[in-house]
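A.B. asks: Below is a structure I'd like to ask you about.
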Amino acid sequence: MEHTFAPATGVLSNIWLLVAVPLASATILLLLGKRSDRWGHWLGVASVAASFVLGLIFFVNLSGLDPARRSAELSLWDFIVVGDLKVDFGLLFDPLAGVFVLLITGVGSLIHLYAVGYMEHDPGRRKFFAYFNLFVSAMLLLVLGNNYVMLYFGWEGVGLASYLLISFWYTRPSAATAGKKAFLMNRVGDAGLAIGIFLMFTELGSTQYDDVFNGVDSMAAGTILVMGILLLLGACGKSGQFPLQAWLPDAMEGPTPVSALIHAATMVTAGVYLIARSNPIFSANTTLQLVVVSIGAITLLMGCLIGAAKDDIKRILAWSTVSQIGYMFLGVGLGGGAYALAIIHLLAHGFFKANMFLGAGSVMHGMHDQVDIRRFGGLSKHMKITWLTFGTGWLAIIGIPPLSGYFSKEPIIAAAFEREVVWEAWVFGGAALLGAGLTAFYMTRLFVLTFHGPARWTEDNQHPHESPAIMTIPLILLAAGSIGAGYLMSTSVPDWLNPVFGTAAAEGEAHGVLSHAVITILSLLVTVIGAGLAWALFRKGTALEPEPAGVLVTAARRNLYTDAFNEAVFERPGIYLTRALVFLDNKGIDGLVNGIAAGIGGGSGRLRRLQTGFVRSYALSMLTGAMLVVGAFLAIQLGWLA
Amino acid sequence: MDPLKLPPIDYGALLPMLILFGAACLGVLVEVAVPRRARNAVQLSLALIAVVAALVAVVLERGTRTITIGGAVAVDGPTLFLQGAILVLGGVSLMLIGERSVERGGAFVSEAAVTVGSQRDMQQTSGQPGATEVYPLSVFALGGMLLFVAANDLLTMFVALEVFSLPLYLLCALARRRRLLSQEAALKYFLLGSYASAFFLFGVAFIYGFAGGIQLGEVHEAVANPQRSEVLLYVGLGMVAIGLLFKAALAPFHVWTPDVYQGAPTPVTAFMAACTKVAAFGALLRVLYVAFEGVRWDFQPVLGGIAVLTMFIGAVLAVTQTDLKRLLAYSSIANAGYLMVGVLALNDEGLSSTMFYLVAYGFSVLAAFAIISLVRDPDGEATHLSKWAGIGRKSPLLAGVFTFILLAFAGIPLTSGFTSKFAVFGAAVEGGQTWLVIFGVITSMLLAFPYLRVVVLMWLSEPGESTPAVSIPGFLTSAVLALGVIVTVALGVVPAPLIELTRDAAEFVR
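Protein chains in written order, with this note's numbering: chain A, 3 to 644; chain B, 2 to 511.
Here is the structure:
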C-alpha cells in the first residue's frame with residue numbers, strides 16, 4: 003500500500019493551533035508567576051477547552067474529506083537540516099491523530115475542570131496548571147507530528163511534564179523519588195526509541211512517516227525486527243509495560259488529577275499510539291508481532307495479579323491501567339483488524355479509567371487523603387454521586403454489557419483466539435480470558451471495600467462528605483462516556499480508522515479455535531464468577547491489617563518481585579559498578595593525573611633553578627644550544643642520523 | 002672601472018619604511034624644538050600619524066610583488082601582510098606607551114641614567130613626566146621591524162635586526178618603578194642580543210662562503226646546485242637560525258625572555274610580545290621558505306625538536322610562576338613553539354596560518370598586558386599572583402576581561418586562541434608534521450593549568466588585605482582593551498575574512 007498524506011487545506015491548515023494554544027497558556031502562567039495566581043487555573047481550563055473545540059472543528063472537517071485522502075499534512079518549517087538529515091517541523095491530522103486529539107482534549111478538559119476543585123487549597127495551583135497545559139501541548143505534538151522526530155519531541159515533552167507533575171509535591175521524599183524513578187525508567191525506553199529513529203535514518207534516509215512506511219518493503223526482515231524492537235522498547239517505557247512497568251504505580255504520588263490525565267487516559271497510551279502509528283513496520287514481521295502480543299499478555303496478567311493484592315486505591319487503579327494497556331498491546335500486536343480494536347479499547351479506557359481515578363480522588367477528598375481501601379467501607383450512603391459514577395466505571399472495566407468495556411475488551415479476547423497458530427490462540431486467548439476474570443475480581447474487591455460493607459474508618463476521619471459540584475460534574479460526564487461510548491465506537495471507529503490501518507476490521511467470520519459466540523459466553527462467565535467471588539469474600543469487609551498469605555498473594559503484594567528483581571539485577575550491580583568506577587577514578591585515574599601534575603610541578607620547580615638570573619649562565623645555555631643545533635645539522639649532513 | 006650605478010629603487014614599495022624612519026628622525030628633532038610641556042602630545046600624535054600613514058601606504062601597495070634596491074628588499078604578499086600586522090599592533094602598543102593617566106607621568110622614567118635610590122631618582126619617580134624619547138625609539142623599532150620582514154638579503158636582514166633591537170634595549174631600561182630590575186633587564190637583553198647577533202652574522206659569513214652571495218634567491222640556487230662543501234651550508238644555516246630563534250624566544254635561546262618581560266616597562270613588554278614576535282617569525286618564515294626550502298628534510302627534524310622543547314619549557318615552567326609578567330613570558334615562549342609548528346608545516350597553509358596566529362596572539366597579549374598595567378598598589382604594578390586573589394569580587398569587569406583573555410590563551414573555542422591553534426595544527430598535519438601537533442596538544446593541556454589557576458585565584462579566593470585597587474583605565478588603555486577583546490572574539494567567531502586575507506598573501510617572491 004502506498005502511504006501518502008494530503009496537504010492541509012482550508013480550515014485544516016490551522017491545526018498548529020491545537021498545540022500552540024495550551025503551550026501559550028503554559029508559557030503565560032509560568033512567566034507571569036504569582037501575578038496570575040487568582041485566575042491562572044481558569045486560563046488553563048479555557049486553553050484546553052479551546053483546543054477541544056478546535057479539535058472538534060478539525061475533526062468534522064476531516065470527516066468531510068474523501069476517505070481515500072482523509073488526512074491533512076502541514077509543514078511549518080525546516081526543523082533540523084544537517085547534511086543528509088532533514089527533519090520537518092510538520093504536523094499530520096489524520097483519522098488516528100483525530101481520535102487521539104479528541105480524547106486528549108476532551109477528557110483533558112474534564113480533568114482540568116476537576117482539578118480546579120481538587121487543587122483549590124494548594125498554594126501551587128497556578129504552577130500545577132502551567133505544567134498541566136504543558137503536558138497537554140506536548141501530548142498533542144506527540145500525536146500530531148508528521149515524522150518520528152516530532153513524535154520524539156512530544157514524547158520527551160510529556161516525559162518532562164510528567165516528571166514535573168509526579169514530583170509536584172516535591173517536598174515529600176516519596177514523590178521526589180517516584181518522579182525520579184519514572185524519569186529514569188522512561189529514559190531506558192526513550193533510548194530505545196531514539197536508536198530506532200537513528201536506525202530509520204541510516205536505513206531509509208528519512209524520518210517522515212510516509213517515507214518510512216513506503217520504505218519498509220525495501221528493508222531486510224532482520225532490520226525491521228530490530229527497528230520494531232527498539233520502538234517497542236520506547237513504547238513499553240512510556241506505557242508501563244513489562245519489563246518497564248515499575249514506575250507507573252509509583253507515579254501515583256502525584257496529585258490525583260495527574261494520575262487521571264497522564265497515567266490513565268493519555269500519556270501511558272502513547273506506546274499504543276506509537277505501535278498503531280507504526281503499523282506498517284509491525285505488520286511486516288510476524289516475529290515482531292509475536293513479541294508485542296507476548297508483552298501484552300504478560301503485562302495484563304501481571305497487572306491483574308498485583309492489583310488484586312494491593313490495598314491502596316490509587317495503586318490498584320494504576321495496576322489495572324498497566325493491565326488494561328496490556329490488552330491494548332495485545333490488540334496492536336495481533337495486527338490486522340485488531341489495531342482498531344486496541345484503539346477502541348484505548349478510548350473507552352480513557353473514559354472509564356479517568357472516571358474512576360477522579361472518583362478515587364473524590365473519595366480521598368472526602369476522607370482526608372486516606373488511600374487504604376481497608377479503612378473505607380459504606381461510603382455509598384455518603385457519596386452518592388461518586389458511588390454511582392464509580393460504579394459505572396467499575397461495570398465498564400469488567401466488561402458488563404452494555405457498558406463500554408464490554409464492546410472494547412471482548413473483541414480483543416476474541417481476536418486473540420483467532421491467532422492462526424493453534425497454541426498461540428490458546429495461550430493468548432486464554433490469558434486474555436483469565437485476565438478478564440481477574441479484572442472482575444480485583445475491581446469488585448476495590449468497589450465493595452470502598453463503597454459497601456461496614457465502615458472501617460480511622461478515628462480521626464468520621465465525616466465523609468461528597469465533593470463540590472466542580473468535581474462531580476466531570477465525574478458525571480465521564481460516567482456518561484463510560485456507559486454509552488463503547489457501543490457507538492465499536493460500530494464507527496473501525497471504518498473511520500480504515501485509511502490508517504488499511505485493512506477493514508475483520509468480520510465475525512474468522513476461523514478461531516473457538517466460535518465467537520462461545521467466547522462471548524465464556525468471557526461473561528468468568529467476569530461474573532470473578533465479580534461474584536469478590537463480592538462474596540469482601541461483602542463483610544476485611545481485616546484492617548495485612549494477613550499472612552500464600553505464596554502467590556505475597557508475591558503479588560510485592561509486585562511479583564519485579565522491584566526486587568530490578569534492584570538485584572540493575573540497581574545493586576549499578577551501585578557496585580559506580581563504586582568500582584569511583585574507586586578506579588580516585589585511586590587510578592586521579593592518582594595518575596595527580597602524579598603527572600606533581601611530576602610536572604616538581605619538574606617545573608627544578609627547571610626553574612636553571613633560570614638563575616645570571617647572564618653568564620644564560621649565555622652558556624645559548625652556547626650549548628648553538629652547539630647542539632649546529633652539531634645536529636652536521637650530524638645529519640655527515641649521515642649520522644639520517 | 003665602471004662608474005658606480007645606482008640600482009633601480011621602487012620608492013612606492015619602500016614608502017611605509019621611509020615614512021616611519023622619517024617620522025622617527027622628525028621625532029628626535031621634536032625633542033629639541035618643542036617645549037617640554039607640549040612634547041608628549043606632539044610626539045604621540047606624530048608617532049600615531051606616522052603609523053597610520055605607513056599603514057595606508059601598505060594598503061595602497063597591496064598588489065605589489067617586487068624585489069627592489071638591488072635585491073635587498075622584497076615586497077610581496079607576506080611582507081605586506083606582516084608589515085600591516087606590525088603597524089596595527091605597533092599602533093595599539095603606542096597607545097599603551099602613551100598612556101599617562103594610570104600613573105602620574107606615565108610608565109617611563111624621565112632620566113634613565115640617574116643612580117637608583119639617589120635623591121634625584123626619588124624625585125623623578127614621584128611624578129616627573131616620563132621621557133618622550135620613547136616615541137621616536139618605538140617608531141625606529143617599528144621601522145626596523147618593517148625592514149626585517151621585507152629583507153631579501155641576509156645583510157639587510159642583519160641591519161634591520163640591529164635597527165629594531167637597539168631601541169628595544171633602551172626602552173627596556175626606562176621603567177619608572179623597580180629601576181634596578183629594569184636596568185638589569187635592559188643590560189641582559191643587550192648582552193644576549195649582541196651574542197645572538199654575532200651568531201647570526203657569523204652564520205651569514207658561512208652562507209656567503211657556501212653560496213657566493215647573500216641574497217635569499219642566490220642561496221636557494223646554491224642549495225639546489227651546491228658548488229661547495231655543504232658543511233658551510235649547515236653551519237651557516239644553524240647559526241643564522243640561532244639569531245632568529247633568539248628574537249622569536251625559542252628554547253634554548255629563550256632564557257632572556259622572562260627576565261626582560263618582567264623588568265621592562267609593561268607597555269614595552271606588550272610591544273615586544275606582540276610586534277617583535279611578528280617581525281622575528283616573519284624573517285624566519287622568509288629565510289626558511291625562500292632560501293633553505295631545498296634542505297627542508299634536514300632542518301625540519303632539528304627545528305621540530307626545538308619547537309617541542311620550546312613548547313614543553315614554556316608550558317612546564319609557566320606552572321610554577323608566581324609573577325604574572327613572568328607567567329605571560331613563559332606563555333609567550335610556549336606560543337612561539339606553536340608558531341614554530343605552523344612554520345615547519347612548510348606549505349602555503351603553514352605560512353598563512355602562522356600569519357593568522359601572529360595577529361590573533363598579538364591582540365590578545367596586548368590586552369593581557371594592558372590589564373596588568375591597571376592592577377596597582379603603592380609600589381607600582383602588583384604583578385605577584387598573591388595580589389590578584391579575589392580581584393573578581395572587587396572589579397568583576399576587569400577580572401572578567403582577563404578571564405576571557407586567559408581562556409583565549411588556553412585555546413577555548415569561540416576565541417581567537419582556538420581558531421589560531423587549530424589553523425597551525427591543521428597546517429602541520431597537512432605538512433606531514435603530525436608528531437609536532439601531538440606535542441602541541443599535550444603542552445596546550447599543561448598550559449591550561451597556569452591560566453586556569455589565575456582564573457580560579459581571581460574568582461574563588463577571598464580578597465585579602467593586600468589585594469590592590471584597580472586603576473580606572475584612561476582612554477588609551479580602554480581603547481587597547483576594547484580592541485584586544487573585540488579582535489579576540491571576532492577572530493574566534495568569524496575568522497574567515499582574515500584567513501582569506503592570509504591565504505591570498507601567502508606567496509613569497511624569490
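Beta carbons: idealized from backbone N, C-alpha and C, even for Gly.
Quick caveat: nothing in here was measured; it's all calculated off a predicted structure.
Output, in sequence order along the chain, the residues in the segment 588-613 of chain A whose CB is closer than 7 Å to any CB in chain B.
C.D. replies: Answer set for the segment 588-613 of chain A: I602, G603, G605, S606, G607, L609, R610 and Q613.
A.B. asks: Pull up the DSSP beta-bridge partners for A:S77, would you.
C.D. replies: DSSP lists A:G92 as partners of A:S77.
A.B. asks: Please tell me whether A:A508 has its Cβ less than 7 Å away from any Cβ of chain B.
C.D. replies: Since pLDDT at A:A508 reaches only 45, below the 50 mark, its modelled position is unreliable, and the value read off the structure follows with that caveat. No, because no Cβ of chain B sits closer than 7 Å to the Cβ of A:A508.
A.B. asks: Exposed or buried, what is A:M254 when buried is set at 16 or more other beta-carbons lying within 10 Å of its beta-carbon?
C.D. replies: The residue is buried, with at least 16 neighbouring Cβ atoms inside 10 Å.
A.B. asks: So which residues of chain B does A:G627 contact, with C-beta pairs closer than 8 Å?
C.D. replies: Here the neighbours are I243, A252, P253 and F254.
A.B. asks: Taking B:V376 and B:I392 to be in contact with their CB atoms under 8 Å, please state how far apart those CB atoms are, rounded to whole angstroms.
C.D. replies: With a Cβ gap of about 7 Å, B:V376 and B:I392 count as contacting.
A.B. asks: What do you get for A:A70, buried or exposed, if any count of 16 or more other CB atoms within 10 angstroms of its CB means buried?
C.D. replies: So A:A70 counts as exposed.
A.B. asks: Measuring only the C-alpha atoms, how far is B:N348 from A:G181?
C.D. replies: The straight-line gap from Cα to Cα measures roughly 59 Å.
A.B. asks: Extract the residue ranges of the alpha helix (DSSP H) inside the segment 577-607 of chain A, only unbroken runs of 4 or more that lie entirely within it.
C.D. replies: You should have found no qualifying run.
A.B. asks: Classify A:N596: buried if its beta carbon has 16 or more other beta carbons within 10 angstroms, exposed otherwise.
C.D. replies: A:N596 is exposed by the Cβ-count criterion.
A.B. asks: Please state whether DSSP places A:V83 in a helix, a strand or coil.
C.D. replies: Three-state DSSP puts A:V83 in a strand.
A.B. asks: Going by DSSP in three states, B:A284 sits in which element: helix, strand or coil?
C.D. replies: Helix at B:A284.
A.B. asks: Taking only runs of the beta strand (DSSP E) that begin and end inside the segment 231-277 of chain B, which ones reach a length of at least 3 residues, in chain order?
C.D. replies: Taking only runs of at least 3 residues, no beta strand (DSSP E) segment lies wholly in the segment 231-277 of chain B.
A.B. asks: When you check each C-beta in the segment 318-337 of chain B against every C-beta of chain A, which residues fall closer than 7 Å?
C.D. replies: The segment 318-337 of chain B vs chain A, Cβ under 7 Å: L318, V320 and T321.
A.B. asks: Which chain A residues sit within Cβ distance under 8 Å of B:K189?
C.D. replies: In chain order: V617 and Y620.
A.B. asks: Rounded to the nearest angstrom, what separates A:L562 and A:Q243 at their Cα positions?
C.D. replies: Taking the straight line joining both Cα atoms gives about 14 Å.
A.B. asks: Is A:A637 close to chain B, meaning its C-beta is less than 7 Å from at least one C-beta of that chain?
C.D. replies: Cβ-Cβ to chain B under 7 Å: no for A:A637.
A.B. asks: In this structure, how does DSSP classify A:A507 when only helix, strand and coil are distinguished?
C.D. replies: In this prediction, A:A507 has a pLDDT of 44, which is less than 50 and means its spatial position is unreliable; what the coordinates show is noted afterwards. Three-state result, A:A507: coil.
A.B. asks: By the 10 Å Cβ neighbour count, where 16 or more other Cβ atoms means buried, how is A:G12 classified, buried or exposed?
C.D. replies: The residue is exposed, with fewer than 16 neighbouring Cβ atoms inside 10 Å.
A.B. asks: Does the CB of B:G239 have a neighbour CB from chain A at under 7 Å?
C.D. replies: Closer than 7 Å to some Cβ of chain A, the Cβ of B:G239 qualifies, so yes.
A.B. asks: Quick one, which residues of the segment 210-236 of chain B are near chain A if we go by CB-CB under 7 Å, in chain order?
C.D. replies: So the close ones are E231, V232, Y235 and V236.
A.B. asks: Can you give me the C-alpha to C-alpha distance between A:D313 and A:H43, rounded to a whole angstrom?
C.D. replies: Rounded to the nearest angstrom, the two C-alpha atoms are 33 Å apart.
A.B. asks: Between A:S169 and A:A178, is the Cβ-Cβ spacing less than 7 Å?
C.D. replies: Yes; because the gap between Cβ atoms is below 7 Å, this pair is in contact.
A.B. asks: Verify whether the separation of the beta carbon atoms of B:F426 and B:T267 is less than 7 Å.
C.D. replies: No, they are not a contact pair.
A.B. asks: Note down, one range per segment and in chain order, each alpha helix (DSSP H) of at least 4 residues found wholly within the segment 282-365 of chain A.
C.D. replies: Whole alpha helix (DSSP H) segments, 4+ residues: 288-311 and 315-336.
A.B. asks: Which one of B:P9, B:A42, B:V74 and B:A281 has the shortest CA to CA distance from B:L340?
C.D. replies: The residue with the shortest Cα to Cα distance from B:L340 is B:A281.
A.B. asks: Measuring CB to CB, does A:S38 end up less than 7 Å from A:R128?
C.D. replies: Yes; because the gap between Cβ atoms is below 7 Å, this pair is in contact.
A.B. asks: Would you check if the distance between the CB atom of B:T67 and the CB atom of B:V76 is smaller than 7 Å?
C.D. replies: Yes, these two residues count as a Cβ contact at 7 Å.
A.B. asks: Going by beta-carbon coordinates alone, are B:F293 and B:L345 separated by less than 7 Å?
C.D. replies: Not a contact, by the Cβ cut-off of 7 Å.
A.B. asks: Give me the Cα-Cα distance between A:A508 and A:P413, rounded to the nearest whole angstrom.
C.D. replies: Residue placement at A:A508 cannot be trusted, given a pLDDT of 45 that sits under 50; the coordinates are not used to answer.
A.B. asks: Taking 7 Å as the threshold (beta carbon to beta carbon), is A:A634 in contact with chain B?
C.D. replies: Yes, because at least one Cβ of chain B sits closer than 7 Å to the Cβ of A:A634.
A.B. asks: Along the chain, where does the beta strand (DSSP E) that runs through B:I68 open and close?
C.D. replies: Unbroken beta strand (DSSP E) run through B:I68: T67 to T69.
A.B. asks: Report the partner residues of A:D374 according to the DSSP bridge assignment.
C.D. replies: In DSSP, A:D374 forms a bridge with A:D314.
A.B. asks: Give the range of the alpha helix (DSSP H) segment to which A:D213 is assigned.
C.D. replies: Looking at the DSSP string, the run of the alpha helix (DSSP H) that includes A:D213 is Y211 to G217.
A.B. asks: Using Cβ-Cβ distances below 8 Å, what residues of the segment 195-207 of chain B are close to chain A?
C.D. replies: Residues passing the 8 Å Cβ filter: Y196, A197 and F200.
A.B. asks: Look at the alpha carbon of A:L206 and the alpha carbon of A:V295, and state the distance between them as a whole number of angstroms.
C.D. replies: Those two C-alpha atoms are separated by around 27 Å.
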